[in-house]
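Data block below; observations after.
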Amino acid sequence: MTHGRESWYDEEAGPLVRPYALTRGRTRSDRYQLDMITLMLAVKSGMAAMAPEYLEILRICRRPTSVAEVAAGLDLPLAVLKVLAGDLIEEGYLIYRTQQAETDKDVDTLREVLDGIRKL
Amino acid sequence: MSAPTLRASAMKVLIAGGFGVGKTTLVGSVSEIAPLRTEEMITALSVDVDDLEGVEDKTTTTVALDFGRITINPTLILYLFGTPGQERFWFLWDELARGALGAVVLADTRRLADSFASVDFFERRGIPFVLGVNCFDGKMKYGLEEVRSALDLDQNVPILACDVRRRESSKQVLITLLEHLIRTATLSAR
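These protein sequence lines are chains A and B, in that order.
Per the numbering used here, the first sequence starts with residue 23, numbered consecutively.
Per the numbering used here, the second sequence starts with residue 2, numbered consecutively.
Here is the structure:
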């Protein structure tokens, strides 16, 4: 965010601006076309030197977890989370899978979903 | 060694309807996790403009999305997303709706008009949906067919009464949606 109205905060606002500092002003997050239900999975452990937000993402993604869920877990806006997740993907810590809407709406998959809901 | 792959996939269903109609309640009654909230930052001009680089002084607002999760099986996860009630966030609905299996529109017979917008949205985009008439007090002011005609709903759109505070009732709404989706997919495959 580079609009000129951010001067109301001072350095004590650290926790508030920290996620944005981590993204280093990057707000474009379409490198990997992540959407809200893109699933991500950690495939490498983080390193202690990493920012805690990265480590937290990797911890949550020890099982396949959606972008929206990770954002909610870290209390970060989706746009910020997408940038940070993009960094981890780029460095090979995370793999991801975005749905191909058309191929996944076949009747067999729908029946699977129906069976799953009936068993709830 | 081959590269690790992610076999699991995720799908989403949208839960729409007017403000206070019970969207988050439905999500909460069937979700395996307490409904989560995430915030999407929106720049007012992002409606039609793809490239915002160089655009510096636009209004930015955030919109909250509530959602829940149902693990169908180890490789299939279903997410239920409540759509924001406020009409001014409609442009977000397009991102929300992209790739959705279908939708549930919740209606309250005391405020039927609040559901018009959602019905219209899904009809225009050809997204299959069912209408759930949420009965907070076990009573309905109108019969289901009266609701159908008041909303000018197509005959093939399933409509059912529900009480989304009850898990079984919310499940039934989702089952009705999935059956509708399967019927629609089967018909279009012929």
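Think of the CB as a built atom: it goes at the ideal place given N, C-alpha and C, for glycine as much as any other residue.
DSSP-derived helix/strand/coil call for residue i
i, result
"Glu-112 (chain A)", "helix"
"Glu-40 (chain B)", "strand"
"Leu-46 (chain B)", "Per-residue confidence for Leu-46 (chain B) stands at a pLDDT of 48, beneath the threshold of 50, marking its modelled position as unreliable; the derived number appears in the next sentence. Three-state DSSP puts Leu-46 (chain B) in a helix."
"Thr-76 (chain B)", "coil"
"Tyr-118 (chain A)", "strand"
"Phe-68 (chain B)", "strand"
"Gly-127 (chain B)", "coil"
"Ala-16 (chain A)", "The structure shown does not extend to residue 16 (chain A), since chain A is modelled only from 23 through 142, so no value can be given for it."
"Phe-20 (chain B)", "coil"
"Val-135 (chain A)", "helix"
"Thr-143 (chain A)", "What is shown of chain A runs 23 to 142, which leaves residue 143 (chain A) out entirely."
"Thr-6 (chain B)", "coil"
"Gly-29 (chain B)", "helix"
"Thr-87 (chain A)", "strand"
"Pro-160 (chain B)", "According to the sequence displayed, residue 160 (chain B) carries Ile and not Pro. Strand at Ile-160 (chain B)."
"Val-165 (chain B)", "coil"
C-beta atoms of residue i and residue j nearer than 9 Å
i, j, result
"Gly-23 (chain B)", "Asn-135 (chain B)", "yes"
"Thr-25 (chain B)", "Ile-117 (chain A)", "no"
"Phe-1 (chain B)", "Arg-112 (chain B)", "For chain B, the structure presents residues 2 to 191; residue 1 (chain B) sits outside this window and is missing."
"Pro-159 (chain B)", "Glu-180 (chain B)", "yes"
"Gly-100 (chain B)", "Pro-129 (chain B)", "no"
"Leu-81 (chain B)", "Ser-32 (chain B)", "yes"
"Val-131 (chain B)", "Leu-79 (chain B)", "no"
"Thr-45 (chain A)", "Thr-120 (chain A)", "no"
"Val-106 (chain B)", "Gly-127 (chain B)", "no"
"Ile-139 (chain A)", "Ile-73 (chain B)", "yes"
"Met-62 (chain A)", "Glu-96 (chain B)", "no"
"Trp-94 (chain B)", "Phe-117 (chain B)", "no"
"Val-174 (chain B)", "Leu-182 (chain B)", "no"
"Lys-142 (chain B)", "Thr-110 (chain B)", "yes"
"His-41 (chain B)", "Leu-100 (chain A)", "Residue identity check: residue 41 (chain B) is Glu in the sequence provided, not His. Yes, Cβ-Cβ distance for Glu-41 (chain B) and Leu-100 (chain A) is below 9 Å."
Practice problem: Could you list the residues in the stretch 78–102 of chain A with a C-beta less than 7 Å from some C-beta on chain B, going in chain order? | Solution: Pro-86, Ser-88, Ala-90, Glu-91, Ala-93, Ala-94, Pro-99, Leu-100, Ala-101
Quiz item: For the 8 Å Cβ check, are there 3 or more pairs between the stretch 105–113 of chain A and the stretch 162–175 of chain B?
Solution: no
Quiz item: In chain order, what residues of the stretch 73–99 of chain B put their CB closer than 8 Å to some CB of chain A?
Solution: Against chain A - using a Cβ distance shorter than 8 Å - the residues of the stretch 73–99 of chain B are Ile-73, Asn-74, Leu-77, Ile-78, Leu-79, Tyr-80, Phe-82, Glu-96, Leu-97, Arg-99.
Quiz item: Does the stretch 129–140 of chain A come close enough to the stretch 61–77 of chain A that 3 or more CB-CB pairs lie under 8 Å?
Solution: no
Quiz item: Taking contact to mean at least 3 C-beta pairs separated by less than 8 Å, is the stretch 10–17 of chain B in contact with the stretch 135–155 of chain B?
Solution: no
Exercise. Enumerate, from N- to C-terminal direction, the unbroken alpha helix (DSSP H) stretches of 4 or more residues contained entirely within the stretch 79–118 of chain B.
Key: 91–98
Quiz item: What are the residues of the stretch 108–123 of chain A that lie near chain B, defined by any Cβ-Cβ distance shorter than 8 Å?
Solution: Ile-117, Tyr-118, Arg-119, Gln-121, Ala-123
Practice problem: Give the residues from the stretch 7–35 of chain B that approach chain A closer than 7 Å (Cβ to any Cβ), ordered along the chain. | Solution: Leu-7, Ala-9, Ser-10, Ala-11, Met-12, Lys-13, Val-31
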